[in-house]
Amino acid sequence: MIRLLNLVRNENMKIYRRLRTWILVGILMAITVAAAILIERNSPRADNADWRAETSRHIEENKRNTAQPGVPDSYKQMLERDTKVMEYRLQNDLPPADKNTLWKGVLDSANLISLVTIFTVIIAADIVAAEFATGTIKMLLIRPASRAKILLSKYAATLAFSILLLVILFATSFVINGILYGFGGADLPYLYASKDGAVHQTGMLVHALQTYGLNCAGLVMIVTLAFMVSTIFRSSSMAIGLSLGVMFLGQLILGFFSKYNWIKYYLFANTDLTVYLTGMPPKEGMSMGFSLAVLAVYFLIFNILSWSIFMKRDVAA
């Protein structure tokens, strides 16, 4: 274990000694700040004193939409749960936390996890391929550590970098949105309705962390794919190009074939786990457990391919 930790530390040193790494961190922070300012400047000013009237209008609109013929059951259930939450707000005098507040900005910034994915792919694509390109892989493999530990240390360092970027994204978003909207609403509750119709409360911090965490499923899968391609083909450019191509085309393919039942086994039909927070899965019959199981299968396939080929590869070739 100590040897593995030392290997991870060495990989971290390789990552954080490079100027490129800190440029990526700076870009992430700059885009987070710029996006928050643009959203704040272009958002309509909400009249917090009139939130009750607006909530009542939304309730009536939901009821009209629910009564419309041909409404899918899943969408109808979502509207009914949304209505129960809004009625609970009115009964308990709880203003919404999703409009012109600190937490609205933090939740909006979760969309930038795709940028975290891109930056981590750059690191993942280079962390193995660069060793082969420069020939340093030979020096690395003559150490007492096994090949499995060497590859695991590189993968762990890559995921650790993604965690660092996520922490920076969340912290930067929290600070800049607190400055823009004020920190006064930091203790607002998050309300949600369960399938039985009961309304529950939790902290907005818990909900924000949950949202960020569920958004990380796609990040882990794309980064693991980039790591696999980098290991198999020893080409960082191929790993970056293929991984980002799959990332951007994945949702287009999902939309094109969404009418087919087999699409629920497709990788990108399962990477957005936040859909289960709203009760709107991409395909009828899908659940959080189902998506996690499908992702686990893809995860194992990607890693088995990486490990099996790396273990057998002749580095002299």
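If you read the sequence shown in the working numbering, its first letter stands for residue 12, the second for the next number, and so on. Just so you know, even glycine gets a beta-carbon here, dropped at the ideal spot from N, CA and C.
Assuming residue i contacts residue j under a Cβ cut-off of 8 Å, what Cβ separation, rounded to an integer in Å, is found between them?
i: L176; j: V127; result: 4 Å
i: L284; j: M297; result: Contact flag wrong, Cβ pair sits at about 11 Å.
i: V132; j: I251; result: 6 Å
i: F215; j: A47; result: Just to set this straight, residue 215 is Met in the shown sequence, not Phe. About 17 Å separates the two Cβ atoms, so there is no contact after all.
i: K275; j: K294; result: 4 Å
i: T66; j: R100; result: 6 Å
i: K165; j: E22; result: 5 Å
i: L16; j: T112; result: Incorrect: roughly 41 Å between the Cβ atoms, too far for contact.
i: S319; j: F238; result: The Cβ separation is near 14 Å, so there is no contact.
i: L123; j: T32; result: In fact, because the Cβ distance is near 18 Å, the residues do not count as touching under 8 Å.
i: V240; j: M249; result: 6 Å
i: L35; j: F130; result: 5 Å
i: A168; j: S247; result: A168 to S247, Cβ: 15 Å. No contact.
i: T242; j: F172; result: No, T242 and F172 are not in contact; Cβ-Cβ is about 17 Å, not under 8 Å.
i: L191; j: E51; result: 5 Å
i: L39; j: I179; result: 6 Å
i: G261; j: F279; result: 4 Å
Which class does residue i belong to by DSSP, given the choice of helix, strand or coil?
i: V7; result: The structure shown does not extend to residue 7, since the chain is modelled only from 12 to 328, so the question has no answer here.
i: A204; result: strand
i: R28; result: coil
i: N23; result: helix
i: A328; result: Any reading at A328 must be qualified, since the residue scores a pLDDT of 47, below 50, and its modelled position is unreliable; the value itself is stated next. In the structure shown, A328 sits in coil (DSSP, three-state: anything other than H, G, I, E or B).
i: N17; result: helix
i: Q88; result: helix
Could you tell me the boundaries of the beta strand (DSSP E) in which residue i lies?
i: Y223; result: Per DSSP, Y223 belongs to no beta strand (DSSP E); it is in the alpha helix (DSSP H), 215-244.
i: Y271; result: Unbroken run through Y271: none, as it is neither H nor E.
Got a sec, what are the start and stop residues for the alpha helix (DSSP H) residue i sits in?
i: F313; result: 299-323
i: E295; result: No alpha helix (DSSP H) contains E295, which DSSP labels as neither H nor E.
i: P145; result: It is worth fixing the name first, because residue 145 is Thr in this sequence and not Pro. Start and end: 124-145.
i: T169; result: 158-192
i: L284; result: Note, L284: premise wrong, no alpha helix (DSSP H); not H, not E.
i: G116; result: 113-119
Exposed or buried, what is residue i when buried is set at 16 or more other beta-carbons lying within 10 Å of its beta-carbon?
i: Y271; result: exposed
i: K115; result: buried
i: V117; result: buried
i: F259; result: exposed
i: Y27; result: exposed
i: D104; result: exposed
i: T147; result: exposed
i: M12; result: exposed
i: R29; result: exposed
i: K95; result: buried
i: G37; result: exposed
i: M150; result: exposed
i: T183; result: buried
i: M24; result: exposed
i: V82; result: exposed
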